[in-house]
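Okay, structure first, notes after.
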Amino acid sequence: MLREFAPPELYIHPVDHYSNSASSAPFVLHRSNQGCQSNVSSQIVCTSSLSWIPPQSTNLTEKTLLPTSFREAYGQYKYLIEEEVSDLPSKFQNIVEQYLLCKDLETHAEAYCIVCGIGLDLYNYIGSQLITILSEYGNVLEATRLFYRLHDPDAFAWGAFISGYTSNGQENLAINLYYQMIQTNVEPNSHIFRVVLKACANALALLDGWEIHSHIIFSDRDSNIFVCSALLDMYMKCHRLEDARGVFEDMPEHDSVTWSTLLAGYASQDLGHEVLDLFCQMKKGGISPTPVTFISVLKACSSISSLEEGQITHSSLIEHGYEDNIYLGNSLIDMYSKCGLFEHAQIVFNRLHVRDVGSWNAMIGSCALHGRLDEGIYLFEKMQDEGVKPMIITYVNVLKAIADGAALDVGRTVHSSAIMDGIESDVFVGSMLVHVYVHCGSLEEAYAIFNNIPSPNAVTWGTIICGYAEHGLGTEALLLSKKMQENGVEIDQGLLVAVLKASESSSCLTQGQSFHALAVEWDMQHDELVGNALISMYATCGNLDDAINLFNKRPHRSTMAWNALISGLASQSPDYVHGREALTAFWQMIQVVQPNEITYMSILKVCSNLCALNQGNMIHAHLIEGGLRWELKVGNALIAMYLKCGNLEYASCVANTLPSWDIVTFNTVIEGFGRSGLVKQALHLFDEMLRNNIEPNDSTFISILSACSHDGLVEKGHEFFELMKLHGIGPKIDHYDLMVDLIGRAGYLNEAEDFLETMPLTTDFVGWMAMLTHCNRLVNVDIGRRSFSVLVKMDPSNASSYVLMSNLYADAGMLEDAEKLDNIRKSTNGAIKKPGKAFIEIGNKVHEFSVGCRGQDLSGPVYAKLQELRSQLKQNGYKPHINMAQGRSSKEEESMLWEHCEKIAIAFGLINTAEGSTLRVSKNLRVCSDCHDATKAISKVEKREIFIVDTYRVHHFVGGQCSCQDCY
DNA sequence: CTAGGGTTAG
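Residue numbers (UniProt numbering): 1 to 968.
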């Protein structure tokens, strides 16, 4: 296939051409570090008007004798013409050659003009060299013009031309030129083959590579060591190990370069062991390694994380006297870093006599890998102080460190310096910036960056979609996923993981299934990460069968796969639908693989949700048994679990053994104390936290505000609400909702309503629900009605607002209104009450109960116990909370109350545990007022301590009283 | 005419 190429230009007389080229400066430079092209053109202009001084010497055969200026040489040339010396161009050629060998811009420019001026550029040899030089300066256009002025380009000229296109990133045009050359009957020589194979290697043009390989065999040059090296390299770059190996085996001899080419190929495909094997063979064959060989060997050591091999290689390269090679220094930094020895990387870096940008990149990359944010930033600044300009990869590395350290402020600083360098919209830098802002929780800034990247790739899309999904903005994540598909982004594994997370985060099974189909279409469903994301998505979206099916089909079940299953099952909060399955899976998992901190965090969360203290205890014991020094995160999860189960002693035991407390520890304990009604202690901890110089974050204020709310501390709540602003934290909707709850709980309904209506954010369902709850409690029909109408507009399908309002009417004696509302709920909008569920752990088993326990295999004794309690409690002053609105008899109503899942769970617990032992029940909704009163009475009659943990707080019942003091 | 292989990577 030949493509139309630029037609040859007409031959222009040298003198005419001279004036032409003077106006169109040929050295339009793209090289970043060479700046002053204005001098060049001015010089070109004055060149033409100079009068030439006759030379001092006419001995032009002396190659070493280089005139001080090219103009002087031109004078010699004129002199030679006058003297009518024969073989003139070849004499002048020597001078041209000398000049072209100098690598400075001004000489080149000057020589170029003069050479063109006298027509020497039309000689193949000089023309070829000029083409090479022009290409080096990135001026492909002028190189092309020059090439087409040549009368009869030879292979050398074609070679220069083809190689110029290759080095300027136009490999496909370069390959076409090769075919064009064959058509003009120029026989390709080994130089041409090398040059065109290089183009194929860069462009990964395997088909052309194969074709050219056949030309090479045909032309009998397949034993040329240079040609074979190029072939080898081409096959390696195209990932054709077999073909490359074939070329290598068939070669008549191997030298250090062919070996290095082979090793580099294996190293680039992360085949570390193969590289090390081949390296041994190479040495056995008596070939001495070069610095380039060592680069591949070091890369191999890091790819197999073998510090031992790395150190052997290090001493070996010192023996060979390559210690000061900068490439090797940089590779050593990388090797030590990837083999886990950050300090060694630092030593190598500090010992480098000369540092290039690669040295800084390797060291900053090492900081990023080892979480050394401060050092990374320091180096990033220092390199610039030393005049080394950061590259894209430098930014990528330093931003990675910043993202891992969630250092928002530093992130912004580096961001602005990326803007100064004009690369903030580069797709690599931009993707990393998106990642930084996502990881720091600033999604607005992340999205702004994302929007600014002209051609986002799969990674960019994946980062922003994951960002939204992981911050609970599933709907937004899904919208972006669809936009991504419309934009026709090429799908990769990471992107599939992202869109599956988006589906998971928005609990959208149908979307998840369609992305599953997409994964199958791209044949990526077997990829480890995609597979795990699928399992997690199905488990989270409640499709247990598919989750387990996919999990069982996995040939190899890694810790990650188990985590996907367990965290998926665990994440069904607040319904805890599959919490019990998650526990089963966990105990199976530890038989076969080692859990990690993610496993423990998910499973401890399950124990918290189910109030499964025994299970939690066993997992704690398992952790201690494993002898692992667990991460703070796991410690925090343990504390949270014990607090949620109402076991403050164990919680404080764990808290006291932690070597240090981080912000999560403080937040967890403050939240837990508040939940258990230990508000004074929670407030005290907040002060303690400040004294420890730990800056509170927005979660801290969630915890502290809800603690205030639990104790009705309105004043304190307002104080904290103002304090958070002083700490630079803008209150979010959750904080406003908590304030509404706090003010309402204290009985100031009007103030609470004012607060809602004047807040600067858009109100949400939670806030108005808090409002209606307190109206209900204080029987305020007026405000209650207004709240209800807002709630119905927001979410007509949510039954909880109807139920609350109906109860409010009933309590206010407005039975007709109550009944009307119930009928509307049942008939028109189909709003369904969320089914209540209660869990109780007996021994090591967690039992689940729902209202009326339909479908539960309950033995007679539980009902017998319920009947017994019913009559016992009545004698002890318990009055059933009968809602008169339902149109049923009070007897029926009372029976229904005794079908509540909390009561069944308690009855089940009472008959299945020893007398006097503590019961712990968890509830997926708030405990109802009737069950609350009944449990108070049960705790007295049965002489039991009972905990009911609901979504709001820990209720601790002892001797007829509850720790919440009926404030719930 | 001359020659090849390469560090840092979302």
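Cβ coordinates follow ideal geometry from the N, Cα and C atoms, glycine included.
For clarity, every value in this text was computed on a predicted model and none was experimentally measured.
**Message:** My assumption, with CB atoms under 8 Å, is that SER425 sits in contact with PRO454. Please give the rounded CB distance.
**Reply:** 6 Å
**Message:** Contact defined as beta carbons within less than 8 Å: I believe LEU685 pairs with SER709. What is the distance between those atoms, to the nearest angstrom?
**Reply:** Their Cβ separation, rounded to whole angstroms, is 16 Å, which puts LEU685 and SER709 out of contact at 8 Å.
**Item:** HIS881 versus MET537 - alpha carbon distance
**Value:** 41 Å
**Sequence-distant residues of its chain with Cβ nearer than 6 Å to residue 1008 (five each side left out)** = Because the chain spans 1 through 968 in this model, residue 1008 falls outside it and cannot be assessed.
**Asked** Rounded to the nearest angstrom, how far is the Cβ of GLY310 from that of ASN330, given a contact under 8 Å?
**Response** Not a contact, Cβ separation roughly 14 Å.
**Request:** Can you grab the Cα-Cα spacing for the pair GLN681 / GLY474, in whole Å?
**Result:** 36 Å
**Request:** Return the bridge partner residues of SER850 from the DSSP annotation.
**Result:** In DSSP, SER850 forms a bridge with LYS837.
**Asked** Just reading off the beta strand (DSSP E) that LYS903 is part of, what are its end residues?
**Response** Note, LYS903: premise wrong, no beta strand (DSSP E); alpha helix (DSSP H) at 901–912.
**Asked** Could you give the C-beta distance for VAL921 and PHE839, rounded to a whole number, given that I count them as a contact under 8 Å?
**Response** 7 Å
**Request:** Compute the Euclidean distance between the alpha carbons of GLN346 and ILE364, then round it to the nearest angstrom.
**Result:** So the two alpha carbons sit approximately 10 Å from each other.
**Request:** Sort ASN543, GLN269, THR313 by Cα distance to CYS280 and report the nearest one.
**Result:** THR313
**Request:** Using only alpha-carbon positions, find the residue among GLU470, GLY472, GLN493, GLY462 that is nearest to LYS482.
**Result:** GLY462
**Prompt:** If you draw a straight line from the C-alpha of ASN59 to the C-alpha of TYR123, how long is it?
**Reply:** Any answer about ASN59 is weak, because its pLDDT of 39 lies below 50 and its placement is not dependable; what the coordinates show is given next. Rounded to the nearest angstrom, the two C-alpha atoms are 23 Å apart.
**Request:** Evaluate the contact criterion for the region 812–826 versus the region 890–904: three or more CB pairs, one atom per stretch, below 8 Å.
**Result:** no
**Asked** Count the other CB atoms within 10 Å of the CB of ILE333; is the residue buried (16 or more) or exposed (fewer)?
**Response** buried
**Asked** If you compare alpha carbons, which of GLY286, GLY285, LEU276 is closest to SER296?
**Response** LEU276
**Item:** Nearest-angstrom Cα separation, counted from LEU173 out to ARG245
**Value:** 28 Å
**Item:** Element boundaries [alpha helix (DSSP H), containing VAL436]
**Value:** 427–439
**Message:** If distances are taken between C-alpha atoms only, which option among HIS578, GLY860, ASP233, ALA264 comes closest to LEU206?
**Reply:** ASP233
**Message:** Taking 7 Å as the cut-off, is the beta-carbon of TYR112 closer than that to any non-hydrogen atom of the ligand GTP?
**Reply:** As presented, the structure is devoid of all ligands, the ligand GTP included, so that no description of it is given.
**Asked** Which residues in the same chain as ALA564 place their Cβ atom closer than 6 Å to its Cβ, once the five residues preceding and following it in sequence are excluded?
**Response** ASN532, ILE535, SER536
**Request:** For GLN875, count neighbouring C-beta atoms within 10 Å of its own C-beta (all shown protein chains included) and say buried if the count is 16 or more, exposed if not.
**Result:** exposed
**Message:** Give me, in chain order, the residues of the same chain whose beta-carbon lies closer than 7 Å to that of CYS775; leave out the 5 immediate sequence neighbours on both sides.
**Reply:** LEU749, ILE783, GLY784, SER787, LEU808
**Prompt:** Given that a residue counts as buried once 16 or more other Cβ atoms are within 10 Å of its Cβ, and exposed if not, what is MET420?
**Reply:** Exposed.
**Prompt:** Is LEU231 near LEU263, with beta carbons less than 8 Å apart?
**Reply:** Between LEU231 and LEU263, the gap from beta carbon to beta carbon reaches 8 Å or more.
**Request:** Kindly identify the DSSP beta-bridge partner or partners of residue 1020.
**Result:** With the chain covering 1 to 968 only, the question about residue 1020 has no answer from this structure.
**Prompt:** Does DSSP put HIS622 in a helix, a strand or coil?
**Reply:** helix
**Prompt:** DSSP three-state call for LEU60: helix, strand or coil?
**Reply:** Confidence is the limiting factor: at LEU60 the pLDDT is only 36, short of 50, which leaves the residue's position unreliable, though a coordinate-based value still follows. Coil at LEU60, not helix or strand.
**Start and end residues, beta strand (DSSP E) containing HIS191** = From DSSP, HIS191 is part of no beta strand (DSSP E) but of the alpha helix (DSSP H) over 190–203.
**alpha helix (DSSP H) segment containing HIS344, residue limits** = Counted as a single uninterrupted DSSP element, the alpha helix (DSSP H) harbouring HIS344 occupies residues 342–351.
**Identified DSSP bridge partners for GLN961** = VAL958
**Asked** What did DSSP end up calling ASN693 once you bin it into helix, strand or coil?
**Response** coil
**Asked** What's the call for PRO188, buried or exposed, on a 16-neighbour Cβ count within 10 Å?
**Response** buried
**Request:** My understanding is that LEU399 touches VAL436, with C-beta atoms under 8 Å, so please give their C-beta distance in whole angstroms.
**Result:** 5 Å
**Request:** Return the Cβ separation of ALA502 and ALA539 in integer angstroms, given the expectation that the two are a contact with Cβ distance under 8 Å.
**Result:** In this structure ALA502 is not in contact with ALA539, their Cβ atoms being roughly 16 Å apart against a cut-off of 8 Å.
**Prompt:** How would you label LEU508, buried or exposed, when you count the other beta carbons within 10 angstroms and need 16 or more for buried?
**Reply:** In the sequence as presented, Leu is not what sits at residue 508; that position holds Cys. CYS508 comes out buried.
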